Amino acid sequence: PYLVPSSYGFHHGVDINLPRGTAIVAARGGTITRLNNTCEPDEQTTANCPGCGNWVEIDDGKTIYQYCHLKQVAEGLAVGQKVRTGQDLGISGNTGLSGNVPHLHFTVVDLTGVAPVSQKFWSNAYPYLDAWCSKKTCAE
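Now the structure itself:
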């Protein structure tokens with residue numbers, strides 16, 4: 784895996800190139816606070832398919848983790864459900880505003896920062912990437 788350059792300029796999070804169908808697992812456990820699974824595979828942004836495409840958001844009370852552009856969210860996941868570190872969240876894809884490049888957009892939001900939650904204190908996602916790639920690959 785490697786980072787995907789964004790044609791949309793700077794955006795919060797890390798884009799990781801993955802083949803369609805790669806298993807996506809939770810970097811940390813927590814509670815699912817939001818998810819979307821309304822996009823068809825490879826559907827780009829429409830009224831039915833938001834910019835993040837099919838996605839899952841997990842909150843552990845101190846940090847929010849977002850996993851975007853999934854082909855599909857794992858069956859049975861629902862808002863309010865608790866998930867554990869390493870639990871299956873879905874499979875990688877190319878939904879939403881993905882630039883038509885299959886990848887995982889991974890965002891980490893630190894809720895303990897000095898900024899109010901409404902402004903979101905975006906954190907460095909690299910320490911959380913061990914589930915997808917080696918530190919050497921991601922650090923370059």
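All residue numbers for the sequence shown refer to the numbering used here, where the first residue is 784 and numbers rise by one.
Virtual Cβ for every residue (Gly too), placed ideally from N, Cα, C.
Every value quoted in this text rests on a predicted model; they were computed, and no experiment measured them.
- prompt: Nearest to Ala-806 by CA position, among Arg-817, Glu-858, Glu-823 and Gly-863, is which residue?
  reply: Position 23 of the sequence shown, counted from the first residue, corresponds to residue 806. Checked all of Arg-817, Glu-858, Glu-823 and Gly-863; the closest Cα to Ala-806 is Glu-858.
task: Using the DSSP secondary-structure output, state which residues sit across from Thr-816 in a beta bridge.
output: Start at 1 with the first residue of the sequence shown, and residue 816 comes out as number 33. Looking at the DSSP assignment, Thr-816 forms no beta bridge with any residue, so it has no partner.
message: So, under 8 Å CB-CB, Ser-862 and Leu-818 are touching, yes? Tell me the CB distance rounded to an integer number of Å.
response: Taking the sequence shown and counting its residues from 1, one reaches residue 862 at position 79. Taking the sequence shown and counting its residues from 1, one reaches residue 818 at position 35. Before going on, a small fix: residue 862 reads as Val here, not Ser. Contact between Val-862 and Leu-818 holds: their C-beta atoms lie close to 6 Å from each other, under 8 Å.
query: Can you tell me the Cα-Cα spacing of Ile-874 and Gly-844, whole angstroms?
result: Here residue 874 refers to the residue found at position 91 when the sequence shown is read from its first residue. Here residue 844 refers to the residue found at position 61 when the sequence shown is read from its first residue. The alpha-carbon atoms of Ile-874 and Gly-844 are separated by roughly 25 Å.
query: Quick one: what's Gly-879 bridged to in DSSP?
result: The count along the sequence shown starts at 1 and reaches residue 879 at position 96. According to DSSP, which records beta bridges pairwise, Gly-879 is partnered with Gln-827.
message: What does the alpha-carbon distance come out to for the pair Val-787 and Leu-880?
response: Position 4 of the sequence shown, counting from 1, holds the residue named residue 787. Position 97 of the sequence shown, counting from 1, holds the residue named residue 880. Note that Val-787 scores a pLDDT of 42, beneath 50, so its modelled location is shaky and nothing firm can be said.
Below-8 Å beta-carbon distance, Pro-833 vs any chain C residue: The structure shown contains no chain C; it is built from a single protein chain.
field: Range of the contiguous beta strand (DSSP E) that encloses Lys-845
entry: Translated into positions along the sequence shown, residue 845 becomes position 62. For Lys-845, no beta strand (DSSP E) run applies, since DSSP gives it neither H nor E.
- request: Report the three-state DSSP secondary structure of Val-797 (helix, strand or coil).
  value: Against the sequence shown, residue 797 aligns to sequence position 14. In this structure, Val-797 counts as strand in the three-state DSSP scheme.
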